[in-house]
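Report on the following structure.
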Amino acid sequence: MVPRADATPDGRTGKELYERRVNWISAEMREDARRFGCRFRRASCAADGSAFYALAFWRSREGGRECYQKWNVQNEPGEVAIALDGDTGLVPLP
Numbered sequence: 083m084v085p086r087a088d089a090t091p092d093g094r095t096g097k098e099l100y101e102r103r104v105n106w107i108s109a110e111m112r113e114d115a116r117r118f119g120c121r122f123r124r125a126s127c128a129a130d131g132s133a134f135y136a137l138a139f140w141r142s143r144e145g146g147r148e149c150y151q152k153w154n155v156q157n158e159p160g161e162v163a164i165a166l167d168g169d170t171g172l173v174p175l176p
């Protein structure tokens, strides 16, 4: 899943969306994500703060949905989520 958002309709920037997650993600949320099958999750913002990007790799879409529902993770206004299929790369995930 690749969520991406520019500034939201209420004026929050990509950097603000990123900083919200830095402050929101707790040790408990990380542990639940592992339990629900999250193998990889990273978030960042564009260098100029104009856009937010995140990448998550779940064992199953259902596990990702369950975790997001438990923690009430919702798309930000204006955010677009893109589901990806397939997995190839130089280094395998653990």
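Take 83 as the starting number for the sequence shown in my numbering and just add one per residue.
Here a beta-carbon is modelled for each residue, glycine too, at the ideal position from N, C-alpha and C.
(request) Identify, in the order they occur along the chain, each residue of the same chain with its Cβ nearer than 8 Å to the Cβ of aspartate 114, setting aside the five sequence neighbours on each side. (result) Excluding five sequence positions before and after aspartate 114, the CB atoms of its chain that fall closer than 8 Å to its own CB belong to Cys149, Lys152, Trp153, given in chain order.
(message) Could you give the first and the last residue of the continuous alpha helix (DSSP H) run that contains tryptophan 106?
(response) 96-106 is the extent of the alpha helix (DSSP H) around tryptophan 106.
(message) Measuring only the C-alpha atoms, how far is leucine 99 from glycine 93?
(response) Using only the alpha carbons, I get a separation of about 11 Å.
(request) Decide if glycine 146 is buried, meaning its Cβ has at least 16 other Cβ atoms within 10 Å, or exposed. (result) Buried: at least 16 other Cβ atoms inside 10 Å.
(request) Whole angstroms is fine: what's the gap from asparagine 157's alpha carbon to leucine 172's? (result) Taking the straight line from one Cα to the other gives about 30 Å.
(request) Express the C-alpha separation of arginine 124 and glycine 168 in angstroms, rounding to a whole number. (result) Computed Cα separation, rounded: 18 Å.
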